[in-house]
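Only one structure is covered here, and it is reproduced in the block below.
2 protein chains.
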Amino acid sequence: MAITILRLGHRLVRDQRLTTHVFLAARALGAREGYYTGQRDQQLERSLEKAAERWGGSFRVQHLESPGSLLREWKGKVAHLSVYGLPFQQALPALRKARSLLVVVGGEKVPPEIYQRADWNLAVSTQPHSEVAVLAILLYELRGRTFPSLRGKLQVIPQERGKKVISLRPKK
Amino acid sequence: MAITILRLGHRLVRDQRLTTHVFLAARALGAREGYYTGQRDQQLERSLEKAAERWGGSFRVQHLESPGSLLREWKGKVAHLSVYGLPFQQALPALRKARSLLVVVGGEKVPPEIYQRADWNLAVSTQPHSEVAVLAILLYELRGRTFPSLRGKLQVIPQERGKKVISLRPKK
Numbered sequence: 317m318a319i320t321i322l323r324l325g326h327r328l329v330r331d332q333r334l335t336t337h338v339f340l341a342a343r344a345l346g347a348r349e350g351y352y353t354g355q356r357d358q359q360l361e362r363s364l365e366k367a368a369e370r371w372g373g374s375f376r377v378q379h380l381e382s383p384g385s386l387l388r389e390w391k392g393k394v395a396h397l398s399v400y401g402l403p404f405q406q407a408l409p410a411l412r413k414a415r416s417l418l419v420v421v422g423g424e425k426v427p428p429e430i431y432q433r434a435d436w437n438l439a440v441s442t443q444p445h446s447e448v449a450v451l452a453i454l455l456y457e458l459r460g461r462t463f464p465s466l467r468g469k470l471q472v473i474p475q476e477r478g479k480k481v482i483s484l485r486p487k488k
Numbered sequence: 317m318a319i320t321i322l323r324l325g326h327r328l329v330r331d332q333r334l335t336t337h338v339f340l341a342a343r344a345l346g347a348r349e350g351y352y353t354g355q356r357d358q359q360l361e362r363s364l365e366k367a368a369e370r371w372g373g374s375f376r377v378q379h380l381e382s383p384g385s386l387l388r389e390w391k392g393k394v395a396h397l398s399v400y401g402l403p404f405q406q407a408l409p410a411l412r413k414a415r416s417l418l419v420v421v422g423g424e425k426v427p428p429e430i431y432q433r434a435d436w437n438l439a440v441s442t443q444p445h446s447e448v449a450v451l452a453i454l455l456y457e458l459r460g461r462t463f464p465s466l467r468g469k470l471q472v473i474p475q476e477r478g479k480k481v482i483s484l485r486p487k488k
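Chains as they are written, first to last, in my numbering: chain A, 317 to 488; chain B, 317 to 488.
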């Protein structure tokens, strides 16, 4: 299954770290690529590029002027995450069957077309909390609660205490 | 199991929304209370109070000058979330047995004492991503992949499309 993330309505400064976390979590949890609307943010794009370069994989993010063309041309399924949606658990079997899935993560204001276009509007609990948390739990379940193996220049070697990072292809 | 969250090294402005998301996710996923070190942030505290007032439960956050006294006096178990730690899955059976668990979520710099004091240093994947995502997945698994029922003034009624929120005790 190929998972793509669309983050709506990014605002410079105010959303910078949250949107970065949305995409870093998406990458670590197996998404393939990301798009965002709202304000173009080259620092955001660079930080994701740097993550892929250092830590592996090919996750990239691209800015879109509006979500319309992506949504119209999208051939796969669309899941929109929203606290107002149905419990995500009931859609998991169907979601897991999708060959390619676009997961839409809202910003401050979500246009009504998104609710209409989505194959599923899904909530992770009926409490308002965090798009990062909601996306993380959805992707974790979509992958059957496993994490992808990504191999980059740096690799963490898990430790009981302290830190160990090895450099697989050390810089000259 | 009573779960308490300790967020380290909060910085005004820069961390405001991320720390808010850490605590909103913690609350929605069943944590009982939160502490944070770093800069005191009354806006953060108020936004969590407002969430509990509107959406239920009694989750509150308190500022601490340093984590030392809480960690020394803490009678329960301590799990520190860090990308350098051991895979969290292997600690889940032991974690679930804890009566009270303090989950420590790092900031920019984590003092070495935290790694020493923690009963577990745990990672959610070996990839760097987001403390919000990491905490969400841990809490989701700790509760056996269920969400707590919180009842406040407002309640979301899940919908296939659109939004429905009811007011249980309308304001006069």
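Idealized CB from N, CA, C, for every residue including glycine.
Can you list the residues of chain B that residue i reaches, using a CB-CB cut of under 8 Å?
i, result
"T335 of chain A", "Neighbours of T335 of chain A on chain B: none; closest Cβ ~10 Å, over 8 Å."
"L466 of chain A", "Q443"
"V399 of chain A", "V472"
Determine, for residue i, whether the minimum Cβ-Cβ distance to residues of chain A falls below 8 Å.
i, result
"P383 of chain B", "no"
"E476 of chain B", "yes"
"F463 of chain B", "yes"
"S363 of chain B", "no"
"V421 of chain B", "no"
"L452 of chain B", "According to the sequence shown, residue 452 of chain B is Ala rather than Leu. Taking Cβ atoms only, chain A reaches closer than 8 Å to A452 of chain B, which makes this a yes."
"A344 of chain B", "yes"
"Y352 of chain B", "no"
"L522 of chain B", "Lying outside 317 to 488, the shown extent of chain B, residue 522 of chain B is not represented and no answer is given."
"A395 of chain B", "no"
Who are the Cβ neighbours of residue i in its own chain at under 6 Å, not counting the five residues just before and after it?
i, result
"R388 of chain A", "none"
"P464 of chain B", "G346"
"V450 of chain A", "L397, V440"
"R323 of chain B", "T335, V338, Y352, V421"
"V448 of chain A", "H337, V338, A341"
"V472 of chain A", "V481"
Tell me the DSSP secondary structure of residue i in three-state form.
i, result
"T336 of chain A", "helix"
"Q432 of chain B", "helix"
"A395 of chain A", "strand"
"S385 of chain B", "helix"
"I453 of chain B", "helix"
"E424 of chain B", "coil"
"P464 of chain B", "coil"
"V448 of chain A", "helix"
"S441 of chain B", "coil"
"Q359 of chain A", "helix"
"L324 of chain B", "strand"
"P474 of chain B", "coil"
"L345 of chain A", "coil"
"L380 of chain A", "coil"
"L364 of chain A", "helix"
"A414 of chain B", "coil"
"R402 of chain B", "The question names Arg, but residue 402 of chain B in the sequence shown is Leu. DSSP places L402 of chain B in strand when its eight states are reduced to three."
Measure the Cβ-Cβ separation of residue i and residue j and say whether it is below 8 Å.
i, j, result
"A452 of chain B", "A452 of chain A", "yes"
"R412 of chain A", "L458 of chain A", "yes"
"A434 of chain A", "H396 of chain A", "yes"
"N437 of chain A", "E476 of chain B", "yes"
"L364 of chain B", "R376 of chain B", "yes"
"R485 of chain A", "G372 of chain A", "no"
"I321 of chain A", "F339 of chain A", "yes"
"R343 of chain B", "A367 of chain B", "yes"
"E424 of chain A", "G325 of chain A", "yes"
"L328 of chain B", "L334 of chain A", "no"
"P403 of chain A", "P474 of chain B", "yes"
"Y400 of chain A", "K480 of chain B", "yes"
"L418 of chain A", "G392 of chain A", "yes"
Could you pull out every residue in the same chain whose Cβ sits closer than 8 Å to the Cβ of residue i, ignoring the five residues on either side in sequence?
i, result
"S382 of chain B", "T353"
"A407 of chain A", "A395, W436, L438"
Starting from the beta carbon of residue i, find every residue of chain B whose beta carbon is closer than 7 Å, and list them in chain order.
i, result
"V448 of chain A", "H337, S446, V448, A449"
"G325 of chain A", "Within chain B, no residue comes near G325 of chain A; the closest Cβ sits about 14 Å away, beyond 7 Å."
Return the chain-ordered list of same chain residues with a C-beta closer than 7 Å to the C-beta of residue i, the five sequence neighbours on each side being excluded.
i, result
"S483 of chain A", "K469, L470"
"Y431 of chain B", "H396, N437"
"P444 of chain B", "V399"
Measuring only between beta-carbons, confirm whether residue i sits less than 8 Å from chain B.
i, result
"G460 of chain A", "no"
"L340 of chain A", "yes"
"Q355 of chain A", "no"
"K480 of chain A", "yes"
"L402 of chain A", "yes"
"A439 of chain A", "yes"
"Q432 of chain A", "yes"
Along chain A, in chain order, which residues have C-beta atoms closer than 8 Å to that of residue i?
i, result
"P409 of chain B", "In chain order: nothing, as chain A lies at least about 15 Å away."
"W371 of chain B", "Q443, P444"
Is the beta carbon of residue i within less than 7 Å of some heavy atom of the ligand MN?
i, result
"R356 of chain B", "The ligand MN is not part of this structure, which contains no ligands at all."
Who are the neighbours of residue i on chain A, taking C-beta pairs under 7 Å?
i, result
"Q358 of chain B", "Those within 7 Å of Q358 of chain B in chain A number zero; the least Cβ separation is about 19 Å."
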